[in-house]
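In what follows, a single structure is set out as structure tokens and then discussed.
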Amino acid sequence: MRGIHDLGGLPAGPVDQAEHEHGYWEKRIDGIRLLLADKKRRLITVDEMRRGIESLGKDVYDKLSYYECWTASVTGVMLEKGVITTDELGRKMAEVEERDKARFEGG
Amino acid sequence: MSQHTHDHGHDHRHPPQPDIDSEPMGYYQIMGAALGELLIEKGVITADELRATIELIDSKSPEGGAKVVARAWTDREYKKRLLENGNATVDELGIEMPDTHLVVVENTDTVHNVIVCTLCSCYPRMLLGLPPDWYKAHAYRSRVVHEPRAVLGEFGTELPDDTEIRVHDSTADMRYLVLPRRPDGTEDMSEKELVELVTRDCMIGVTLPKAL
Amino acid sequence: MARFASGDKVLVRKAYPPGHVRTPWYIRGKSGVIERICGEFGNPEELAYGRDGTPKQTLYRVRFAQNEVWDGYAENPKDTVDIEIYEHWLEPVA
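Protein chains in written order, with my numbering: chain G, 227 to 333; chain V, 134 to 345; chain Z, 75 to 168.
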């Protein structure tokens, strides 16, 4: 099977040269990944992260932005390794979402 | 689980600045924030390490690569070392590349080099900062490897028909930097002035530097 | 020790396993010339699953003629593409 990420030579349209400034959330997952991969921790290799991205499925890979893919993959590897649990993640995500919603209420 | 406590090492204001936080967080932003907070709570990483790493990411920009190129244009021995041993030679200018090996590829009057990563987004981040969106996108990764002139044309770069184009597909542990040709008419410019001519895109190889 | 030397002609194996592979699809089955030996590196096919990447693999930069890589290559026939390929993906060409 040709991987969803293995793009060399496939037909594609013009190169869209639009660029965006990286947001904090993008640099945060980049930073998290660098720390998890460093010599002190060695909790993820770049190849583990790539494998996670390559395993997202074509629909997801094509739809998600670059750092959304990174987030999905790094989080998945941390779950696989038991560094975090699904239950912890679910509760923490709910907490983050509530906190975020509160920003838009009662302003 | 104890109440989350903010580490105020990073800029975290309430209420948010409307310019940067005007949209509710998306699913993956929530996931990333939650992952970061869990890792900090568990002591896997510290808030200070994360802040410092983001600072490090922010500190890398194409200016690093431009300084290397300008030095190579003005110092023949430096250029020779750069082409033979990229890592040690950029280190002379204070740029460390601890995890990857730098291969500098030189444009000449007959050869033009261009960099891509068809499999993901490998890029000399320590020299150029984070890659532009188009470098990571499907169209560039699919096409530049089999129709480089057509893609360069979209960037406004026209090369003579007999120029040999070398595409470098960064598939593994090497990272590539294009050493462009020094533009004609820059003979009187200082190294510092030359730095200004060297753009990110000419170090990727999709454009050529121009005398201002 | 490295199996190939700079200048050797090599063929990229035609193999299509699942998993995490750093040999691009488009270059499998094509032949090129060793441009340089890059050194020995952990095997990404192993590292991708959290193993230690041993035995290390010699990594090469291999140069391919574009008009041999792509059917009907429309640009300069002298154009080339250089790709990093691990030794276990390469076979000698007589």
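Every residue, glycine too, gets a C-beta built ideally from N, C-alpha and C.
Quick caveat: nothing in here was measured; it's all calculated off a predicted structure.
Contact annotation: the region 284-293 of chain V does not touch the region 310-318 of chain V, with fewer than three C-beta pairs closer than 8 Å. V:G169 counts as buried, since at least 16 other C-beta atoms from the protein chains shown sit within 10 angstroms of its C-beta.
For Z:E142, there are no CB contacts under 6 Å within the same chain when 5 residues up- and downstream are skipped. C-alpha of Z:D126 to C-alpha of G:F330: approximately 47 Å in a straight line. Going by DSSP, Z:P166 is part of no alpha helix (DSSP H) but of the beta strand (DSSP E) stretching over 164-166.
CA-CA distance, Z:I108 to Z:A168, rounds to 14 Å. A direct Cα-Cα distance of roughly 14 Å separates V:V237 from V:I228. Take the alpha-carbon of V:I248 and the one of V:V311: they are about 8 Å apart. From the beta-carbon of Z:K104, no residue of chain V is found nearer than 8 Å; the closest lies around 12 Å away. Residue burial is scored here from C-beta neighbours: V:E324 has fewer than 16 other C-beta atoms within 10 angstroms and is therefore classed as exposed. By the beta-carbon neighbour count (other beta carbons within 10 angstroms, threshold 16), V:E210 is exposed.
Using a C-beta cut-off of 8 Å, the region 253-269 of chain V makes no contact with the region 116-131 of chain Z, since fewer than three inter-stretch Cβ pairs fall below that distance. Counting the other CB atoms within 10 Å of its CB gives Z:T128 a total below 16, which places it among the exposed residues.
Chain order gives the chain V residues near Z:D153 as P281, E297, I298, R299, V300, where near means a beta carbon separation below 8 Å. Look at the beta carbons and you see the region 192-208 of chain V not touching the region 273-286 of chain V: under three pairs across the two are nearer than 8 Å. In the structure shown, Z:I108 falls within a strand segment according to DSSP collapsed to helix, strand and coil. Under the Cβ criterion of 8 Å, G:E247 is not counted among the residues facing chain V.
Taking 8 Å as the cut-off, the beta carbon of G:V309 is found no closer than this to the beta carbon of G:G278. Taking a contact to require three or more Cβ pairs closer than 8 Å, the region 170-180 of chain V and the region 280-290 of chain V do not qualify as touching.
Runs of the alpha helix (DSSP H) spanning 4 or more residues and lying entirely within the region 263-303 of chain V occur at 266-269, 271-276, 281-287, in chain order.
Cα atoms of G:T312 and V:L171: separation of roughly 11 Å, rounded to the nearest angstrom. Taking 7 Å as the upper bound on Cβ-Cβ separation, chain Z lies near residues T271, D273, E274, R276, R277, E280 of the region 267-295 of chain G. Residue contact with chain V for Z:I111: absent (no Cβ-Cβ distance below 8 Å to any residue of chain V). Proximity of chain G to Z:A89 at the Cβ level (cut-off 8 Å) is not reached, the minimal Cβ distance being about 12 Å.
When V:H301, V:L327, V:T340, V:Y161 are compared, the shortest CA-CA separation from G:K318 is found for V:Y161.
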